[in-house]
Amino acid sequence: MIPPRLQLTGIAAGYKDLQVLKDISLTVRPGEFVSILGPSGAGKSTLFRLFTGTLKPTHGEILYDGLPLEAASSPFAFMPQRDALMPWRRIIDNATLGLEVQGMSRREARTRVEPLLSEFGLSGFEQQYPAALSGGMRQRAALLRTVVQNRSMLLLDEPFGALDALTRAGMHRFVEAMWMRRRWTAMLVTHDVREAVHLSDRIYVLSPRPATLIQVIDIPLTRPRLRNGAAGAEAAAIENAILETLLAPQEGQLP
Numbered sequence: 000m001i002p003p004r005l006q007l008t009g010i011a012a013g014y015k016d017l018q019v020l021k022d023i024s025l026t027v028r029p030g031e032f033v034s035i036l037g038p039s040g041a042g043k044s045t046l047f048r049l050f051t052g053t054l055k056p057t058h059g060e061i062l063y064d065g066l067p068l069e070a071a072s073s074p075f076a077f078m079p080q081r082d083a084l085m086p087w088r089r090i091i092d093n094a095t096l097g098l099e100v101q102g103m104s105r106r107e108a109r110t111r112v113e114p115l116l117s118e119f120g121l122s123g124f125e126q127q128y129p130a131a132l133s134g135g136m137r138q139r140a141a142l143l144r145t146v147v148q149n150r151s152m153l154l155l156d157e158p159f160g161a162l163d164a165l166t167r168a169g170m171h172r173f174v175e176a177m178w179m180r181r182r183w184t185a186m187l188v189t190h191d192v193r194e195a196v197h198l199s200d201r202i203y204v205l206s207p208r209p210a211t212l213i214q215v216i217d218i219p220l221t222r223p224r225l226r227n228g229a230a231g232a233e234a235a236a237i238e239n240a241i242l243e244t245l246l247a248p249q250e251g252q253l254p
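Numbered according to numbering that gives the first Met the number 0, the sequence shown spans residues 0 to 254.
The structure is reproduced here in structure tokens:
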């Protein structure tokens, strides 16, 4: 079996007197697309704060490629909830921003970005400002800015939550097609059950805060799942089972 790229064992974390995560253990292997699913406030985004180093666990261990996370050299590329494009920078310069922050010259960064514009559906729009683009195109530009950094793992923090339903469905298809082509290692944080089922190889379901793992689901559906109804009834059955788990009263909650 392929060794994990990312492995969490017994992780607990919180803020002052507020415990957010409690005994979280999970793995992500190279080339896997894994989702973290749970109710609002369950601590999904807190996990990403642990990965990016802005929060330290109070208990447990995080390993990256078998070594403590602190020993890894910038392993993650992060895509936030909003596209976070700079309105005063053209699309080409927004896409190069992450590389420039790392110290790459704008010229060199553009050389790396330009061959990918067509693949991301942005060819011909590189000189436009973000305000001129649709929501889906802006998200594709944000995803390009993320993946062009060539980090070994992507962290996607509810990146489609602000999109309308039709645009979000289009982005799901786009991301699935790109993942099948490039086999990124990716972790998606979401509260959208259907999104998690359609995109993921495995889903970790969190309880309400303080979050524990209440379900781990391997998704056996073949890909592509999002064209011609390929996901179908089997996906719907998985979604319903997850919803039943999420809606079931947890210990200490009223039914």
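Here a beta-carbon is modelled for each residue, glycine too, at the ideal position from N, C-alpha and C.
Are the CB atoms of residue j and residue i within a distance shorter than 7 Å?
i           : j           : result
residue 205 : residue 13  : no
residue 11  : residue 59  : yes
residue 168 : residue 140 : no
residue 96  : residue 119 : no
residue 20  : residue 7   : no
residue 188 : residue 163 : no
residue 18  : residue 209 : yes
residue 127 : residue 90  : yes
residue 244 : residue 22  : no
residue 238 : residue 192 : yes
Pop quiz: residue i and residue j are said to be a contact at Cβ under 8 Å. What is the actual Cβ separation, rounded to whole angstroms?
i           : j           : result
residue 202 : residue 213 : Incorrect: roughly 11 Å between the Cβ atoms, too far for contact.
residue 170 : residue 135 : 6 Å
residue 76  : residue 150 : 4 Å
residue 46  : residue 35  : 6 Å
residue 158 : residue 84  : So it is not a contact: roughly 12 Å between Cβ atoms.
residue 186 : residue 154 : 6 Å
residue 74  : residue 0   : So it is not a contact: roughly 21 Å between Cβ atoms.
residue 108 : residue 121 : That pair is no contact at about 15 Å.
residue 2   : residue 65  : 6 Å
Could you spell out where the alpha helix (DSSP H) holding residue i opens and where it closes?
i           : result
residue 46  : 43-51
residue 197 : 192-198
residue 138 : 134-146
residue 32  : It is not in any alpha helix (DSSP H) - residue 32 instead sits in the beta strand (DSSP E) that spans 32-36.
residue 166 : 164-181
residue 98  : 96-100
residue 110 : 105-112
residue 237 : 231-246
If you count every other CB in all the chains shown that lies within 10 Å of the CB of residue i, and 16 or more means buried, which is it?
i           : result
residue 197 : buried
residue 183 : buried
residue 242 : exposed
residue 31  : buried
residue 100 : exposed
residue 194 : buried
residue 246 : exposed
residue 224 : buried
residue 131 : exposed
Thinking just about the alpha-carbon of each residue, which of the options is nearest to the one in residue i?
i           : options            : result
residue 78  : 232, 233, 223, 174 : 174
residue 179 : 110, 199, 187, 189 : 199
residue 145 : 27, 162, 115, 133  : 115
residue 148 : 240, 57, 110       : 110
residue 16  : 101, 183, 57       : 57
residue 27  : 53, 63, 52, 45     : 63
residue 67  : 4, 108, 127        : 4
residue 39  : 160, 107, 132, 131 : 160
residue 82  : 98, 0, 61, 133     : 133
residue 176 : 107, 247, 222, 244 : 222
residue 80  : 218, 231, 190      : 190
residue 9   : 54, 55, 29, 61     : 61
I need the boundaries of the beta strand (DSSP E) containing residue i, first residue and last residue.
i           : result
residue 77  : 75-78
residue 154 : 152-156
residue 217 : 212-217
residue 22  : 17-27
residue 63  : 58-63
residue 201 : 201-205
residue 10  : 5-14
residue 186 : 185-189
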